[in-house]
Amino acid sequence: MSGNLSPEHPLLRTLSDRVLVADGATGTMLQAADLTLDDFQGLEGCNEILNVTRPDVVRHIHDAYLAAGADLVKTNTFGANYANLLEYGIPERIFELSEAAARIAREAVDAAGTPTWRRWVLGSVGPGTKLPTLGHAPFTTLRDAYQQQVAGMLEGGIDAVLVETCQDLLQCKSAVLGAKRAMELLGRPVPIVCHVTVETTGTMLLGSEIGAAMTALEPLGIDFLGLNCATGPAEMSEHLRYLSRHSRVGLSVMPNAGLPRLGRNGAEYPLTPDELAGAVAVHHRIRRDPGRRLLWNYP
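As C-alpha cells, this is what we get:
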C-alpha cells in the first residue's frame, strides 16, 4: 500500500494498526495570539517568521493540540515557499524558517510522547501563489525551492511531508519531486502525503477532477492521497468515496468545518465542534480494503 517507503517504516506500521488524528489549523491560532508588528520583523502576516522571533507562541499551539489528543502536529511552514517568501522579499530564508519550525514541532512532540503513545511531526508544504500551469513561475524554480523547504524540515526532525491544499497538479508534482530530491540528498526518506483541494464545482481550481489527480500523483511514489480545505466533510464525500474505491495508497482527509462564509471577522465556519465531529465519525465508516491506511486531520 506504500509507494514511497517500506511498510516497515514506523509511521506506516502504526497506520496499519489504527487511524491517526492530526491537529487543526495553525493560521487562525496565530491570528488569535497577541502579536505585534515587531514579532513579524515588520513583515505583517508572514507567520513563518514567528518560528525564529516567537517560537514560544508556535510551541504553545503545538502543545495545545497535543494536549487535546492529536497524534500528529503540522509544522508552521505552510507559507515557507518560494512564492510566499518572495512576496516578503526573503526567499533566501526558506531553509532557515523551515528548519526552525520543524525543531519546534519536534521538541513539542518528543515532550508529549510516551513509550505507549508516540506522537509525530508532519512537515507542512503549502501551495504558494504561483501556479506553473498558468505560467506564474517555472516548474524547476518551484521544485528547487520545495527541495530547500523539505531539506530544512528534515534537518529539523519531521516524520513525514504533507503537501497540502494543491490546486494545480504541476505545482503538486514540483513539491513531491522537490521533497524526494531533499530526501535522497540527505539520505532521510519519510512518507509523503498529498492533499488536493476540490472546489464546490467538483474539480480542482484549474479543472482537474479527483480521478485525474489520483492518476497524476500516485505514480510519483506518494504514500497517502486525500483532500483538504475548501469544503466541509459532506461536500468531500463523493471524492473521498472515489479514492476509497480506486486509490492504491493510503487516504488522508482534512475537511473545513463546513463551507466558509464571509462574516464580520473574516471567514466563518458553520459547523459546531460537535457537528464536525459527528460528520467525520460518519466518514470513518467508509468501506476500506484490508490494510488500507487512513490518516484523519481535524481542523
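Here our numbering is used: the first residue of the sequence shown is 1420, the next is one more, and so on. C-beta atoms are modelled at their ideal positions from N, C-alpha and C, and glycine is treated no differently.
Alpha carbon of residue i to alpha carbon of residue j, nearest angstrom
i: SER1663; j: GLY1575; result: 33 Å
i: ARG1706; j: LEU1491; result: Here ARG1706 scores only 41 on pLDDT, less than 50, and its place in the model is too uncertain to base an answer on.
i: THR1496; j: LEU1516; result: 8 Å
i: ASP1578; j: GLU1687; result: 32 Å
i: HIS1555; j: PRO1692; result: 38 Å
i: TRP1539; j: GLU1463; result: 30 Å
i: ASN1716; j: GLY1645; result: The predicted position of ASN1716 is uncertain, since its pLDDT is 48 and thus under 50; no value can be drawn from it.
i: THR1445; j: ARG1667; result: 30 Å
i: ARG1680; j: ALA1631; result: 29 Å
i: VAL1672; j: PRO1608; result: 22 Å
i: ALA1532; j: VAL1580; result: The residue asked about is misnamed: residue 1532 is Gly in this sequence, not Ala. GLY1532 and VAL1580: Cα-Cα distance of roughly 20 Å.
i: GLU1654; j: ALA1698; result: 11 Å
i: ALA1451; j: ASN1684; result: 12 Å
i: GLY1651; j: ASN1675; result: 5 Å
i: PRO1638; j: GLY1443; result: 29 Å
i: THR1455; j: ARG1660; result: 44 Å
i: GLU1657; j: GLU1694; result: 19 Å
i: ASN1503; j: ASP1453; result: 23 Å
i: ALA1700; j: VAL1612; result: 21 Å
i: THR1447; j: ALA1696; result: 19 Å
i: PRO1610; j: LEU1431; result: 8 Å
i: ALA1762; j: ALA1487; result: This structure cannot settle anything about residue 1762, because the visible part of the chain is limited to 1420 through 1718.
i: PRO1534; j: GLU1511; result: 39 Å
Pick from the options that is closest to residue i, judged by C-alpha positions
i: GLY1461; options: LEU1659, ILE1509, ALA1502 and ALA1676; result: ILE1509
i: THR1494; options: LEU1505, GLY1669, PRO1679 and ALA1524; result: ALA1524
i: TRP1719; options: PRO1429, ILE1611 and GLU1467; result: The question about residue 1719 has no answer, for the chain in this structure spans 1420 to 1718.
i: VAL1440; options: ALA1451, ALA1653 and ALA1489; result: ALA1489
i: ILE1513; options: ALA1487, LEU1550 and ASP1563; result: ASP1563
i: LEU1449; options: PHE1643, VAL1476, ARG1607 and GLY1640; result: VAL1476
i: ASP1436; options: LEU1541, GLU1427 and ALA1696; result: GLU1427
i: PHE1558; options: GLU1511, ASP1529 and VAL1595; result: VAL1595
i: GLU1467; options: LEU1505, VAL1438, ILE1611 and ARG1432; result: LEU1505
Inter-residue CB distance, residue i and residue j (contact presumed, cutoff 8 Å)
i: LEU1690; j: GLY1682; result: That pair is no contact at about 14 Å.
i: THR1552; j: ASP1587; result: 5 Å
i: GLY1542; j: ALA1521; result: 6 Å
i: GLY1606; j: GLN1566; result: The Cβ separation is near 14 Å, so there is no contact.
Chain-order list of residues whose beta-carbon lies under 7 Å from that of residue i (same chain, five-residue window excluded)
i: THR1560; result: TYR1501
i: ASP1458; result: LEU1469, THR1472 and ARG1473
i: ALA1527; result: ARG1478, HIS1481, ASP1482, LEU1485 and VAL1492
i: MET1633; result: LEU1644, LEU1662, HIS1665 and SER1666
Spatial neighbours of residue i in its chain, beta-carbon cut-off 6 Å, leaving aside the 5 residues before and after
i: GLU1583; result: HIS1614 and ASN1647
i: GLU1628; result: THR1622
i: GLU1649; result: A small fix is needed here, since residue 1649 is Ala in this sequence, not Glu. Answer for ALA1649: THR1616 and GLU1618, listed in chain order.
i: CYS1465; result: PHE1459 and TYR1507
i: ALA1519; result: ASN1470 and VAL1471
i: ALA1635; result: LEU1588
Own chain residues within Cβ distance below 8 Å of residue i, not counting five before or after
i: LEU1625; result: LEU1550, THR1552, LEU1553, GLN1586, ASP1587 and LEU1588
i: PRO1709; result: Summary for PRO1709: the model assigns pLDDT 42, below 50, so the residue's position carries little reliability; its value from the coordinates is reported in the next sentence. Taken in chain order, the list of residues that qualify is empty.
>> Counting beta carbon pairs with one atom in the segment 1541 to 1550 and one in the segment 1584 to 1594, are three or more of them shorter than 8 Å?
In response: yes
> How about the segment 1556 to 1570 and the segment 1593 to 1611: do they share at least three Cβ pairs that are nearer than 8 Å?
Replying inline: In short, these stretches touch, since the Cβ pair count reaches three.
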